[in-house]
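In the numbering used here, the protein residues as written are 77 to 332. Glycine is no exception: its CB is placed at the ideal position from the N, C-alpha and C atoms. Given the structure is predicted, the values throughout are model-derived calculations rather than measurements. First the structure, in the form of structure tokens, and then the observations on it.
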DNA sequence: ATGGTAGTTCAACTA
């Protein structure tokens, strides 16, 4: 069994104790982390090593930053979209045996029509090319992370209120469905799930307490990998702790 | 239509 998870931790410095506690309980094999907000030199590699995990990271000061921690070593590490020079650290690819992992922190986009929204769409366009190439290379591919896209209205607590916003705009959703068209499978939707299942809740206005959230963190798998997916679920337990991340982890289990 | 909170950093930006 191979257990793979994604979690936007919103600062690894603040969340390290929660992540270590969660690893001890959930016992995943591979975890993709986003918004680590730390340069590589300061990433708590030793703390994870003592917990039985190896680290690769692609970080920066203050913003963004991705990392993958794993029980087995990584190979074929890629930290950038080859066709998109970008000072923002948002992508980390590695291979673990036969499986390739693409950890994403897709830009938020701030507001439809803004410069940041244009940057998000450009970034997504270049990502499509990268994923196309990876799918040609690797039979078993998992693409996971904070996509900052809620693919359908069922992934939004109040679709009418979100109409016209980033994370739900038609252009962003079109990119998500381009992933699906490429042969990537949304593992979460392979299984019957509760309605109003979300992975992110705004810190403001008691978003979590009222379940005012979005499903924007995803685990996509190539068809040949998705065939082996036995479980995919959102773990809301860490979101209930004191001083939580605004995102909950998503976990997928494969019988490999 | 605005504001609500959190993290980094210490005024302002991002989410």
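So is residue 165 buried or exposed if we call it buried at 16+ other beta carbons inside 10 Å?
Result: buried.
Within this structure, are the beta carbons of residue 108 and residue 220 separated by less than 8 Å?
Yes; because the gap between Cβ atoms is below 8 Å, this pair is in contact.
Buried or exposed: which applies to residue 315, given that a residue is buried once 16 or more other Cβ atoms fall within 10 Å of its Cβ?
With 16 or more Cβ atoms within 10 Å of its Cβ, residue 315 is classed as buried.
Assuming contact is defined by CB atoms lying nearer than 8 Å, are residue 298 and residue 211 in contact in what I supplied?
It is a contact, given that the beta carbons lie within the stated cut-off.
Sorted by chain position, which residues of the same chain lie with C-beta nearer than 7 Å to residue 283's C-beta, five sequence neighbours on each side aside?
The answer, listed in chain order, is 277 and 289.
With distances taken between CB atoms, is the gap from residue 177 to residue 121 smaller than 8 Å?
Not closer than 8 Å, so no.
Have a look at 183, 127 and 227 and flag the residue whose alpha-carbon is nearest the alpha-carbon of residue 203.
Checking every option, the nearest Cα to that of residue 203 belongs to 183.
Does the contact criterion of 3 or more C-beta pairs under 8 Å hold for the segment 122 to 129 versus the segment 93 to 108?
Cβ pair count under 8 Å is three or more, so yes.
Please report the residue range of the alpha helix (DSSP H) in which residue 196 lies.
Element bounds for residue 196: 191 to 213.
How big is the Cα-Cα spacing for residue 300 and residue 167?
Computed Cα separation, rounded: 23 Å.
State the Cα-Cα distance for the pair residue 246 and residue 188, rounded to the nearest angstrom.
Distance between the alpha carbons of residue 246 and residue 188 is about 10 Å.
For the segment 168 to 175 against the segment 142 to 157, are there 3 or more C-beta pairs whose distance is under 8 Å?
Yes, the segment 168 to 175 is in contact with the segment 142 to 157.
For the segment 245 to 272, list the alpha helix (DSSP H) runs that are entirely contained and at least 4 residues long, ordered along the chain.
246 to 257, all fully within the segment 245 to 272.
Can you tell me whether residue 144 is helix, strand or coil according to DSSP?
In the structure shown, residue 144 sits in a strand (DSSP, three-state: E or B).
Spatial neighbours of residue 229 within its chain, please: C-beta separation below 6 Å, excluding the five flanking residues on both sides.
Excluding sequence neighbours, residue 229 sits near 235.
Helix, strand or coil for residue 330? Go by DSSP, reduced to three states.
Strand, per DSSP.
Is it buried or exposed for residue 285, if we count other Cβ within 10 angstroms and need 16 for buried?
The residue in question, residue 285, is exposed, as its Cβ has fewer than 16 Cβ neighbours within 10 Å.
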